[in-house]
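Student:
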């Protein structure tokens, strides 16, 4: 059944839907009475809801992070839509579709999966092709692979983020490989596919993106190697030949070294051209994606600069008319 | 007139040609007499030459780094060609074509230049196109641009190295730009062209690659901005319009930030998507090129690994049968 | 027309003047009514103003960062002066003298300029003297030079801060040069003048000190070299001789290396005695100034220590009776 | 006279006792009147107290950090004990036993001291034994030694913390010394005793743990050496022999190097086996103690992880059922 | 058959034995003839051998790193034993017992193994006990475990080094665990056993200690996790119960985090008390062992200091009469 | 008795004097015989000496680092003076004046001492004046103070180096203090005097500059505080008043923090203006002195650059005609 997303709500509409509470406040109105103000959110956006003449009892029923089935009406107020809340009821997380409440990739996941399969099946190395197939036929794994974000914050932090990042990286690898004859295209494509595969066990999409216990204790690099070993054991069934020892080392090496430096959590540094190239294009894709999104989503049109981005350690230049620069210093 | 390159010398041949002395030793032979042993080099390679019954007088005539016009004969000795030296005469550097004695790009410089011009002239931004033209019509500059290495050591350290690096980067930029709609293709192409342009004043190709005084004191980043300013002043003559202020800032920013971090000598960090992308593809191209060449040129076929590469802080994996791994520890 | 500065206000006085709003709050009084509390500021200091029986409408007229023309009365309340606000009106920034609202150097700017000119004109090197003159006769530039702070925070962050810092550094250079015969006095004096000249284009004094777009994208080091190049092109007109190439390199080198280390944003490290000396005295003057001011301005007389100074990573010792130390640990 | 500790208070009890004010707020109740809410604390824990119908006058009598003699009644409210405050009076710090209000070691201080003396007196080196005795007979010093925390935050930050840490370290040294024949047991035991002795002058236990002026200006490493020198001058009186020069150097070296690296404030790095062992076991004991306490004291039983520990730069794994990990990502 | 070790050779003895060539030189004697000087080595030490009237032909038969079966006579010369070489023959590596030529632990390997088994079998946790048994019954693995060094250089770099290090660490863990009730003894013992187990696949003992290809590409941390996973799959056969999920995570976490910091190659930092304790005692044992050995083996009795130890970045203090310190500066 | 310094030797002169052997080689001459080549040195410079027809016996009598009484004759050979050695005899170090063989300050030590005393006695703070006097009347200490170098390498590494450095620093402090009213001149002067006083116990001038055992184990910072404490105990005898507690802390703080950062071995960072100023002028004086000397003493007049200075991590620019820069890249 299709739900009514925040983005679809319109002035005058009566609502009866489940939303996630992002923030809650019990406030005093000017006439001395109290009202409850709540930010409701789903994967499409968020809206402010107010329940008039609310009491502390109302307020104690739920907290930020809970889900509420609300009944109310949409109104236009000072140019923004808001919801007048008549009634609400708490809903348990296991009764909702959690991913309805998380941000999603803007791309069609099925098309991304199609492209992923295409890249993997077009490999000419029969061992790598067989190995890839062992992953592709694992429905459970691929279902998670298509959902997990690439991280809990920063770049590609949304449902489908890892898949989107990996497919774009394959595109990059595919276009650049001809320029670097010393780099084995198939190996690079396969390294792109595997480098973050451990994130399917490291990260969890609940009411938000978090680390699993195992993920936090072991890290996606080691988990990725574990997953590779499970599949590589089955590859000979498909290829009819033992998987070459050195080829396996090279794959493990790409997973293990892809952060590029020990200080970033790689147990070893890249020592093959493919591992090096993987490290650099991974970094390029993640960072450029991050810059472009921060610039696009910045809230303040009056400034030529984004807010200071703590994780990047800088503000980004959006450009356009920037008052600051023209302010000549006059007497 | 065409010279006789080291690579072309053959057993039994009589030689009369100028070479650069890479190393010189006066040694005692087993019969008590002395002989002079010299490594002679040109851009194609090097050969060992011996002059029998030499004296200290012979030895004092020249030093490593000097040019000698030698007469001698090529012989096969223990599987290697060597030269028996009958006679030599010192030649002043201004009498030789210095670049004959330095390593060169393997690519055809004219074709590289052709591709460079192509990329620059296919830009759709008229200001950038006009600016690029101001550089392209500066014959003296373009002549140096086509010769200078990308560095004195490490990657692309040969005549034509900068040009080769820049053209390959343009190819990379051209292929990746469609994948990142938030990145302005023309700006990135122009940033690729300009990012190391200061190296034409920072580096010098004499008997080897060195820094100019100005280059060492000021650095190619600042010199590059200087050169950009000289040309941008003339761009309006070609485009018929003033060069936009913000566009100039963005170009300067790409030059100034392309090392990516303050610790690597960038006065500011990248704050636009194009500057960020430039930094990453520059790094990718330089490092992959470096890895591939070190692997290809490694001298020891018996090992699956290259020598330890000090500047990279690691050995590189060449692969192939590696005895070490099979040596089981037996009682 | 002279304005009435905060510092001049006296008990009982009626005020009608423009101030900058530093902070704004609509608060409830004990009797249930609301009042508006505002911190008003100009370059001389700040005062708290209260408007009784204010409404949300009053509050919505302006924000922190706006200028208000206020009418009110000064009262002594609990030992502090405050303003009772009767009336206010918003004033556009272009109608005020922005620098009236920013902190200023305590020194007489004209005298500082006089000393600056003195140091520069007493140089014996005719090329440096001519070059200095090219800057001094640029009225527009010198007007900005006399206003810009040395930074947006930290040391000398006030109108006239750069000038004060530079003149004090010249004094330092003048006194130390005789102790270091290997250091060229003129070169050091000129380096002092030029090292931060790019800040006149990097920083902007609007309602506060900010970076210009160009300043943030390019940085004052590169902007300083640009400005030097503009002026050096005209120096021969004054000296009658071409400006020596090596002398120009040395000047550029001082600008480019004055942060002392790559990690602090210098593209190259100091490689001449003058560049090294400049780096060290710049650091000395900035830091000692910073320490002394933080100690002098610390608000808490009960402690022998200043607040923790985040940018310095430490608290500073003011001295005097410090209770903490005498508290013996008794049973 | 024994006081009534927070931990001992029971529902319905009337209280008349002195507590430290940890936090103070004047708040409005729903009926429009105001009440005073105060967190009261002593070494055993803290409790919330409320005084109804309080006025701003009440509130201005005291601040957080002050001591109050309170009269009131204990009530159970929503499952937690709170105090209804009828009356309070400010008490000067010199009228209270400061350490009653600070956290304490859970161990019996006298038994710790007994074990400390035991370890020191069982040394076989007569010089070290005599030196230790010079410390042990300094009652004033030993009284402070038994009280001072090992630090103001982080590990062992409670009254008696240094003593507890040192005695546990002696136990560690005693057990490990037989495994490392190259390590002199007596020297290591004595190094353990002396390494942080300067903290008796560096830290102060007032209303909280703070640095003394001297401590902050000079640091416990240098103060420790000073204290060693004072005592070593008297050791010959007890041993009848001059204290060996090299032995003194070795002791000073252990104090001076025990932070292990220059970056952690050691003027020299460990250069003897005993100094090295001291550094490592000190680190081990401090960090393990810290981990175990943070895990034990974590407030949130629902999570398998502690809060993020800023000073450690990580969260710690407590284990147990962790919901996060089981949340499978379902369609 | 027992061989004649270098350490056993005596003056006057006739030798016929295989040794490893550590160094080779063809030198001219004072009478104009040439002699061959060779350093011969086995696991017990090294000796200088000279063959008089040798020719270049003799010299070209072998190189450093080769094995020679030599015949000669031992002589005392200037207080040192040397060998006069009459005759030699090259021997292929596969004909010798490689470990005869490498340094060995001074401990009895069988006793070390006995103690290792004791510690592992005394664990009370049945899962860990069963897991340990899966390793102990793998004869091939345990044979390698008993041979591999703990590293190729630095500490415990000899045959049996890893085993010696691990057993000593178990002793440490066993003694310290009672002092830290928050640390699980069994988990720590098992962590000690497993932390470097990957070195059995990372390192190789050939003519010297080297990395295997897989070891260099993947690292012992990831290899160790692989080995744990292989064995943990079989533990339920012995214990009769599934291996607890969280227990496995804790073991993997200890392996993965035991270098303590990302910068040292740990993909994650320690987040459990056992992982933290393991990191610290591993570091303690390795470094103390290293210090003690460097001090013991230092060659220069005249100095109170060892040579500068590059890998430690310092000289170590041996103590004893040090001339330097007494040299008063006299006029 | 005055000795014959190397610098004074003239062509044709017969020598009979003691020199230090800096280097020794037994070499073969062209006619097959051997000769001994020795570099002889004293504080004024060095000269090459050759003894013809020497034997290994001659060579074994002495080593580099020994003193020889030589008899020989000075000859001009290829433009350089050399000594023909007829005869030599080893001399024990205790028979020579060690400092005759070490490099010395170029300044007159007595005048430096005079200036030092002047600065110290012109202090107006009676406590600091008394304290300074306690140092000045300690003849033994002042004798060492006048001899010790400021370091074993790098800057001021010669007899009298510390004194020269300290006196120049006092001059600097004296000139700058008036520019910084927040800096106490006397405190700064006294800090300059004391900051490296521990070097009188840390360093030793034997046949070269070395660390004492105590110096290496404890470091000059802690030794300096020890020495301050010894003297400060006597200051009240001279001033008639107890030495103020806070003043002592400030002095200790200056010694303890003068390296400026923990990473450079300061246990605490500067927290007073005087400590900060001391750190910066110390650094300035040391580094400028170092630059100027390296430039002055560089051996290669053909280059505009010094050799690469490893400890500085750079080459220094000497200036002058630099061929490299003019080499245009020509076809």
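Chains as they are written, first to last, in our numbering: chain A, 1332 to 1662; chain S, 1332 to 1662; chain C, 1332 to 1662; chain H, 1332 to 1662; chain L, 1332 to 1662; chain X, 1332 to 1662.
Even glycine gets a Cβ: it sits at the ideal position worked out from N, Cα and C.
For residue 1618 of chain S, count neighbouring Cβ atoms within 10 angstroms of its own Cβ and tell me buried if that reaches 16, exposed if not.
Tutor: That one is buried.
Student: For chain L, find out if any of its Cβ atoms is closer than 8 angstroms to the Cβ of residue 1300 of chain A; answer yes or no.
Tutor: No answer is possible for residue 1300 of chain A: it lies beyond the span of chain A, which begins at 1332 and ends at 1662.
Student: So, under 8 angstroms CB-CB, residue 1380 of chain H and residue 1413 of chain H are touching, yes? Tell me the CB distance rounded to an integer number of Å.
Tutor: Confirmed, Cβ separation roughly 7 angstroms.
Student: Report, in whole angstroms, the separation of the C-beta atoms of residue 1596 of chain H and residue 1609 of chain X, which I expect to be a contact under 8 angstroms.
Tutor: Not really, about 19 angstroms apart at Cβ, beyond 8 angstroms.
Student: Return the residue from the list C:1368, C:1352, C:1349 and C:1489 that minimises the CA-CA distance to residue 1358 of chain C.
Tutor: Of the listed residues, the one whose Cα sits closest to residue 1358 of chain C is C:1368.
Student: Report yes if the C-beta distance between residue 1427 of chain H and residue 1494 of chain H is below 8 angstroms; otherwise report no.
Tutor: No; because the gap between Cβ atoms is not below 8 angstroms, this pair is not in contact.
Student: Could you give the C-beta distance for residue 1556 of chain L and residue 1599 of chain L, rounded to a whole number, given that I count them as a contact under 8 angstroms?
Tutor: So it is not a contact: roughly 12 angstroms between Cβ atoms.
Student: Going by Cα to Cα distance, which pick from X:1584, X:1626, X:1351 and X:1527 is closest to residue 1613 of chain X?
Tutor: Answer by Cα proximity: X:1527.
Student: Comparing the C-beta of residue 1608 of chain L with each C-beta of chain H, is any distance below 8 angstroms?
Tutor: Output row for residue 1608 of chain L: interface = yes.
Student: Residues of chain S with CB closer than 8 angstroms to the CB of residue 1432 of chain C, please, in chain order.
Tutor: Within 8 angstroms Cβ-Cβ: nothing; residue 1432 of chain C doesn't reach chain S, min ~28 angstroms.
Student: Would you verify that the beta carbon of residue 1544 of chain H is, or is not, closer than 8 angstroms to some beta carbon of chain C?
Tutor: Yes, because at least one Cβ of chain C sits closer than 8 angstroms to the Cβ of residue 1544 of chain H.
Student: Which residue wins for smallest C-alpha separation from residue 1550 of chain X, given the options H:1417, H:1585 and H:1568?
Tutor: Nearest C-alpha to residue 1550 of chain X: H:1585.
Student: Using a Cβ cut-off of 7 angstroms, which residues of the segment 1613-1637 of chain X contact any Cβ in chain S, in chain order?
Tutor: Going along the segment 1613-1637 of chain X in chain order, one finds 1635 with a Cβ nearer than 7 angstroms to chain S.
Student: Kindly confirm or deny that the segment 1435-1450 of chain L and the segment 1414-1424 of chain L touch, where touching means at least three C-beta pairs closer than 8 angstroms.
Tutor: No: fewer than three Cβ pairs fall under 8 angstroms.
Student: If you count every other CB in all the chains shown that lies within 10 Å of the CB of residue 1514 of chain L, and 16 or more means buried, which is it?
Tutor: Its Cβ being crowded by 16 or more others within 10 Å, residue 1514 of chain L is buried.
Student: Answer yes or no: does any C-beta atom of chain S fall closer than 8 angstroms to that of residue 1639 of chain X?
Tutor: Not closer than 8 angstroms to any Cβ of chain S, the Cβ of residue 1639 of chain X fails to qualify, so no.
Student: What is the C-beta distance between residue 1338 of chain C and residue 1348 of chain C, in whole angstroms, given that I count them as a contact (C-beta under 8 angstroms)?
Tutor: Rounded, the Cβ-Cβ distance is 12 angstroms, inconsistent with contact.
Student: Please state whether DSSP places residue 1614 of chain A in a helix, a strand or coil.
Tutor: DSSP places residue 1614 of chain A in helix when its eight states are reduced to three.
Student: What are the start and end residues of each continuous alpha helix (DSSP H) run of 4 or more residues lying completely inside the segment 1485-1547 of chain H, in chain order?
Tutor: 1492-1507, 1516-1525 and 1530-1533, all fully within the segment 1485-1547 of chain H.
Student: Assess, as a yes-or-no matter, whether the segment 1371-1380 of chain A is touched by the segment 1443-1462 of chain A under the definition of 3 or more beta carbon pairs within less than 8 angstroms.
Tutor: Flag = no, the segment 1443-1462 of chain A and the segment 1371-1380 of chain A do not touch.
Student: Do residue 1632 of chain X and residue 1623 of chain C have their beta-carbon atoms positioned less than 8 angstroms apart in this structure?
Tutor: Their beta carbons are not under 8 angstroms apart, which means residue 1623 of chain C does not touch residue 1632 of chain X by this criterion.
Student: Across which residues does DSSP place residue 1404 of chain H in a beta bridge pair?
Tutor: Answer by DSSP bridge pairing, in chain order: H:1345 and H:1415.
Student: Please list, in chain order, the residues of the segment 1562-1585 of chain X that have any C-beta partner in chain C closer than 9 angstroms.
Tutor: So the list reads 1576, 1577, 1580, 1581 and 1584, given in the order they occur along the chain.
Student: Within its chain, find whatever has a CB closer than 6 angstroms to the CB of residue 1300 of chain L; leave out the 5 residues flanking it on each side and keep chain order.
Tutor: Residue 1300 of chain L is absent from the model: chain L starts at 1332 and stops at 1662.
Student: Quick one: what's residue 1355 of chain C bridged to in DSSP?
Tutor: According to DSSP, residue 1355 of chain C bridges with C:1369.
Student: So, with DSSP's three-state summary, where would you put residue 1622 of chain X?
Tutor: Here residue 1622 of chain X sits in helix by DSSP.
Student: Between the C-alpha atoms of residue 1659 of chain S and residue 1627 of chain S, what's the straight-line distance to the nearest angstrom?
Tutor: Annotation note: pLDDT 32 at residue 1659 of chain S (below 50); position unreliable, coordinate value reported separately. Their Cα atoms are separated by approximately 29 angstroms.
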